[in-house]
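Written out below as structure tokens is the structure these notes cover.
Number of protein chains: 4
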Amino acid sequence: MPKITQQKKEAVRMDILNTARNVFIEKGYEAASMSDIVTGSNRSFGGVYLYYSNKEDVFLDLLRREYNNMALNFASNNSTWSAFVQFMKEQEKRIREVDASLAPCLYEYFIAGRRKEERRKLIDERYEAVYNNIFTFLNNGVQRGELYPSQPLETFVHWLISLLDGLFLESMINGFENIQLAKQFEFILTVCRSALMPSEMGESQ
Amino acid sequence: MPKITQQKKEAVRMDILNTARNVFIEKGYEAASMSDIVTGSNRSFGGVYLYYSNKEDVFLDLLRREYNNMALNFASNNSTWSAFVQFMKEQEKRIREVDASLAPCLYEYFIAGRRKEERRKLIDERYEAVYNNIFTFLNNGVQRGELYPSQPLETFVHWLISLLDGLFLESMINGFENIQLAKQFEFILTVCRSALMPSEMGESQ
Amino acid sequence: MPKITQQKKEAVRMDILNTARNVFIEKGYEAASMSDIVTGSNRSFGGVYLYYSNKEDVFLDLLRREYNNMALNFASNNSTWSAFVQFMKEQEKRIREVDASLAPCLYEYFIAGRRKEERRKLIDERYEAVYNNIFTFLNNGVQRGELYPSQPLETFVHWLISLLDGLFLESMINGFENIQLAKQFEFILTVCRSALMPSEMGESQ
Amino acid sequence: MPKITQQKKEAVRMDILNTARNVFIEKGYEAASMSDIVTGSNRSFGGVYLYYSNKEDVFLDLLRREYNNMALNFASNNSTWSAFVQFMKEQEKRIREVDASLAPCLYEYFIAGRRKEERRKLIDERYEAVYNNIFTFLNNGVQRGELYPSQPLETFVHWLISLLDGLFLESMINGFENIQLAKQFEFILTVCRSALMPSEMGESQ
DNA sequence: CATGAATGAGAATTCATTCAT
DNA sequence: AATGAATGAATTCTCATTCAT
Numbered sequence: 049m050p051k052i053t054q055q056k057k058e059a060v061r062m063d064i065l066n067t068a069r070n071v072f073i074e075k076g077y078e079a080a081s082m083s084d085i086v087t088g089s090n091r092s093f094g095g096v097y098l099y100y101s102n103k104e105d106v107f108l109d110l111l112r113r114e115y116n117n118m119a120l121n122f123a124s125n126n127s128t129w130s131a132f133v134q135f136m137k138e139q140e141k142r143i144r145e146v147d148a149s150l151a152p153c154l155y156e157y158f159i160a161g162r163r164k165e166e167r168r169k170l171i172d173e174r175y176e177a178v179y180n181n182i183f184t185f186l187n188n189g190v191q192r193g194e195l196y197p198s199q200p201l202e203t204f205v206h207w208l209i210s211l212l213d214g215l216f217l218e219s220m221i222n223g224f225e226n227i228q229l230a231k232q233f234e235f236i237l238t239v240c241r242s243a244l245m246p247s248e249m250g251e252s253q
Numbered sequence: 049m050p051k052i053t054q055q056k057k058e059a060v061r062m063d064i065l066n067t068a069r070n071v072f073i074e075k076g077y078e079a080a081s082m083s084d085i086v087t088g089s090n091r092s093f094g095g096v097y098l099y100y101s102n103k104e105d106v107f108l109d110l111l112r113r114e115y116n117n118m119a120l121n122f123a124s125n126n127s128t129w130s131a132f133v134q135f136m137k138e139q140e141k142r143i144r145e146v147d148a149s150l151a152p153c154l155y156e157y158f159i160a161g162r163r164k165e166e167r168r169k170l171i172d173e174r175y176e177a178v179y180n181n182i183f184t185f186l187n188n189g190v191q192r193g194e195l196y197p198s199q200p201l202e203t204f205v206h207w208l209i210s211l212l213d214g215l216f217l218e219s220m221i222n223g224f225e226n227i228q229l230a231k232q233f234e235f236i237l238t239v240c241r242s243a244l245m246p247s248e249m250g251e252s253q
Numbered sequence: 049m050p051k052i053t054q055q056k057k058e059a060v061r062m063d064i065l066n067t068a069r070n071v072f073i074e075k076g077y078e079a080a081s082m083s084d085i086v087t088g089s090n091r092s093f094g095g096v097y098l099y100y101s102n103k104e105d106v107f108l109d110l111l112r113r114e115y116n117n118m119a120l121n122f123a124s125n126n127s128t129w130s131a132f133v134q135f136m137k138e139q140e141k142r143i144r145e146v147d148a149s150l151a152p153c154l155y156e157y158f159i160a161g162r163r164k165e166e167r168r169k170l171i172d173e174r175y176e177a178v179y180n181n182i183f184t185f186l187n188n189g190v191q192r193g194e195l196y197p198s199q200p201l202e203t204f205v206h207w208l209i210s211l212l213d214g215l216f217l218e219s220m221i222n223g224f225e226n227i228q229l230a231k232q233f234e235f236i237l238t239v240c241r242s243a244l245m246p247s248e249m250g251e252s253q
Numbered sequence: 049m050p051k052i053t054q055q056k057k058e059a060v061r062m063d064i065l066n067t068a069r070n071v072f073i074e075k076g077y078e079a080a081s082m083s084d085i086v087t088g089s090n091r092s093f094g095g096v097y098l099y100y101s102n103k104e105d106v107f108l109d110l111l112r113r114e115y116n117n118m119a120l121n122f123a124s125n126n127s128t129w130s131a132f133v134q135f136m137k138e139q140e141k142r143i144r145e146v147d148a149s150l151a152p153c154l155y156e157y158f159i160a161g162r163r164k165e166e167r168r169k170l171i172d173e174r175y176e177a178v179y180n181n182i183f184t185f186l187n188n189g190v191q192r193g194e195l196y197p198s199q200p201l202e203t204f205v206h207w208l209i210s211l212l213d214g215l216f217l218e219s220m221i222n223g224f225e226n227i228q229l230a231k232q233f234e235f236i237l238t239v240c241r242s243a244l245m246p247s248e249m250g251e252s253q
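Protein chains in written order, with this note's numbering: chain A, 49 to 253; chain B, 49 to 253; chain C, 49 to 253; chain D, 49 to 253.
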């Protein structure tokens, strides 16, 4: 019965989200206003509120889409270690591009709202998802005899997440060149190698 | 002609800042209002604006004082490595107490304002100060033949700062128990040891 | 050329009005929204606006139909007085059911809009219709020698309408039990009897 | 410690309320906006919100003051019946002036909000206050042997309130001339007399 | 005829900052 | 110096009504 179906609706949403994305990146979460999104998307207030009921709603939809697509994918056709190395390269790339990403907004949103019940849930879910993803991947490597970690894997994964978060943070605040991101990654891989003890030789890095 | 001035002035400032500190910790930077500070300090709007010309001004004075006192102090009576270990213990302690500190506010302020020219300066200064502090300390150890770093010291220091930042961030968002902070620190010290290669034996940790 | 038209049209109108009635009763005139009516009748905005050009238009059509059907009918096969008594019983019943009726909405509409020219006309018409209806009925009784009013009939009728209106109002606001509606009606009939002086004896209340 | 004390504050409130009163009388409760009150009182939004937190808050303060002053005062130096007659004259006067009073607004407010919990309380309180006031007064007359009511006093008082409410309503909607208010009051006093049976002779009416 | 997405004016509310006293 | 009432721009959100399809 709808005249201009799901597709059109989806298109409008995408249009709004595109604008919103730029606005959020440009101004940050708090400083962004619905008015910015409305104006930026050449739409009316009503037109935007038809799809999203407030700023947070827009932001959360944006996040959902952004981070669903970007699920941490570990290459599956290689050894665990080389897939891990690839994953780390991917992370490095992401960190370089942090300024044009929603990440700063996300951190702002999470930090400022870390005490708000509704946001906590999201925060916890996200951390758990990332943690499980990495842990499972590495643990498989252990099961298959490809890794002989010198540390409890749990600790390593928590550490890795903290470290990556720190790199994101420093890069967005200080810029990736200033913190010698590339060199740090070389060092980090060394650390990871001696913590995970991949059995293979030669390859990767 | 003004008599009591300087001392009195300072006392008023301190009083305002005490309230402001609590307000910022409680609510975060954006969400804190001048009204909270005015009311909380049993003062008038005019009374506060006489000393500070806006919210940011209050916050910056707060930061300045907070972080001047708390300059990273490395113990000087010990070996470089054991002073470093002590430094790291101090960091761990601070991270545990992050929730009652200005740190979350600071991150919020830096992230949201990372594009604003005026804030950039402060950000850069702070990073440089911390970096130099740590670098100089470790480098002295190297000069004195107490450390034989397996990595360029520059990279190591950048890495350390990022990592500590990441731990702060994760602790304030997810809680230090959830990220196994203590165990991470054990692991981190191991990594630091093999990166810095302290010459001594036995002691530490 | 149009075939099914008139009947179909009427059917649609009735369908819309049925929904609208519930919406108005539920929410009141102001608080009711076109959206409620549109959604409630499983119709589209355009679909409703095709038949009614705005909320007021819907409401007025509703009123027209509601109060046409419900023209005050005085029983004709009895004496004037007993028909009057029956009329009063009917009023009492209506008042008891006021909460499920359009009356509250109507009062809201009339009170809020008593200054608006367009509404004035309707208000005046309605009052006159009710007044004439009752007056004519009673006056016939006088002509026929069944009533010997101790008061000018005009005054009595105005009084009766005010009183009934007051009872409607109090019942919808305070509830008919709280205002002892039944006992009031007993008293009122006594008053009416001594004001109208029906010639008969024995019968009725 | 406040600079421009209670008196000034009160003066501002009165100023706001004066404007608000006109706005409410002019437009009705729903149709009145804070903006009207702000503009009308030559004040700023903030300036009004400093004293009242929303439209309802303004309205309720207005009511409180309006109806506190106007507590139904029965003359005490006369017989019960003549005080009652005076009370009724007072009511008639009020009804004549209903168009320049808050009453229409009040009815609107009560009718539209009769289902809202917060308003119910106010409604009930007001009814009870009025009821008790009249009942107590008349009952004293009974105790003192000045009245010999032919009806239960409770019923009479409920009836009187309904009737007066009806007269208010009809007057505000149809105009007091159109409903022959004066003549109605004559009739009503007759009815009251025969319901209350004052013992005295001659006087009043 | 019918649809329902889109419009946009309007209402409420907040809060950093000023300024008359 | 100090006060705190007042300002008003900025923001969020709603809903009757229109109009392209």
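Glycine included, every Cβ here is placed at the ideal spot set by N, Cα and C. None of the values given here were measured: they were computed from a predicted structure.
Between Phe72(C) and chain D, the shortest Cβ-Cβ separation is not below 9 angstroms. Residues are counted here when their Cβ sits less than 9 angstroms from a Cβ of chain D; for the region 197-224 of chain C these are Ser198, Gln199, Pro200, Glu202, Thr203, Phe204, His206, Trp207, Ile209, Ser210, Leu211, Leu212, Asp213, Gly214, Leu215, Phe216, Leu217, Glu218, Ser219, Met220, Ile221, Asn222, given in chain order.
By the Cβ criterion, the region 213-220 of chain B is not in contact with the region 129-137 of chain B, since fewer than three pairs of Cβ atoms, one from each stretch, lie closer than 8 angstroms. Any Cβ of chain D closer than 9 angstroms to the Cβ of Thr184(C) would place that residue at the interface, and such an atom is absent.
Bounds of the alpha helix (DSSP H) holding Ala230(B) are 229-244. Here DSSP, grouped into helix, strand and coil, assigns Leu98(D) to coil. Residues of chain B with a Cβ closer than 8 angstroms to the Cβ of Phe235(A) are, in chain order, Gln199, Thr203, Phe204, Trp207, Ala243. With a minimum length of 3 residues, there is no unbroken run of beta strand (DSSP E) contained wholly in the region 59-83 of chain C.
Neighbours of Gly94(A) in chain B, taken as residues whose beta carbon is under 8 angstroms from its own, are absent, since the nearest beta carbon is some 28 angstroms off. Here the alpha carbons of Phe233(A) and Arg91(B) stand approximately 51 angstroms from one another. In the DSSP assignment, Leu195(A) forms a beta bridge with Pro246(A). Listed along the chain, the chain D residues whose CB falls inside 8 angstroms of the CB of Gln228(C) are Glu202, Thr203, His206. In the DSSP assignment, Pro152(B) falls within the alpha helix (DSSP H) that extends over 151-160. Here Lys57(B) is exposed, its C-beta having fewer than 16 other C-beta atoms within 10 Å. The beta carbon of Met245(A) lies closer than 8 angstroms to those of Leu195, Tyr196, Pro197, Ser198 in the same chain, with the five residues before and after it left out.
Out of Asn70(A), Leu65(A), Ala68(A), Ala79(A), the CA that lies nearest to the CA of Ala160(A) is found in Ala79(A). Below the 9 angstroms Cβ cutoff, chain A contributes Tyr155, Glu156, Ile159, Leu217, Ile221 as neighbours of Tyr155(B), in chain order. A distance below 6 angstroms between beta-carbons, with the five flanking residues on each side excluded, links Phe204(D) to the following residues of its chain, in chain order: Ala243. Within the same chain, and ignoring the five residues on either side of Ile209(D) in sequence, the residues whose Cβ sits closer than 8 angstroms to its Cβ are Tyr175, Val178, Tyr179, Ile182.
At a cut-off of 9 angstroms between C-beta atoms, Glu78(A) counts as an interface residue with respect to chain B.
The three-state secondary structure of Gly223(A), taken from DSSP, is coil.
Note that the C-beta distance between Lys75(C) and Asp84(C) is below 9 angstroms. In the DSSP assignment, Lys164(D) falls outside any alpha helix (DSSP H) and carries neither an H nor an E. Secondary structure note for Glu140(B): its alpha helix (DSSP H) is the uninterrupted segment 128-144. In chain order, Gln199, Pro200, Glu202, Thr203, His206, Trp207 make up the part of chain D whose C-beta sits under 9 angstroms from the C-beta of Lys231(C).
Under the three-state reduction of DSSP, Phe107(A) is assigned to helix. Note on geometry: alpha-carbon atoms of Ser124(C) and Asn188(C) lie some 11 angstroms from one another. Only residues of its own chain outside the window of five on either side were considered, and among them Met82 have a CB closer than 8 angstroms to the CB of Asn102(A), listed in chain order. Tyr175(D) belongs to the set of residues whose beta carbon lies under 9 angstroms from a beta carbon in chain C. DSSP places Ala148(B) within a helical segment (H, G or I) once states are collapsed to three. Around the beta-carbon of Arg69(D), 16 or more other beta-carbon atoms lie within 10 Å, marking it buried.
Beyond the five residues adjoining it in sequence on each side, Glu156(B) comes within less than 8 angstroms, by CB distance, of Gly76, Tyr77, Glu78 in the same chain, given in chain order.
For the pair Tyr115(D) and Gly223(D), the Cα-to-Cα distance works out to about 23 angstroms.
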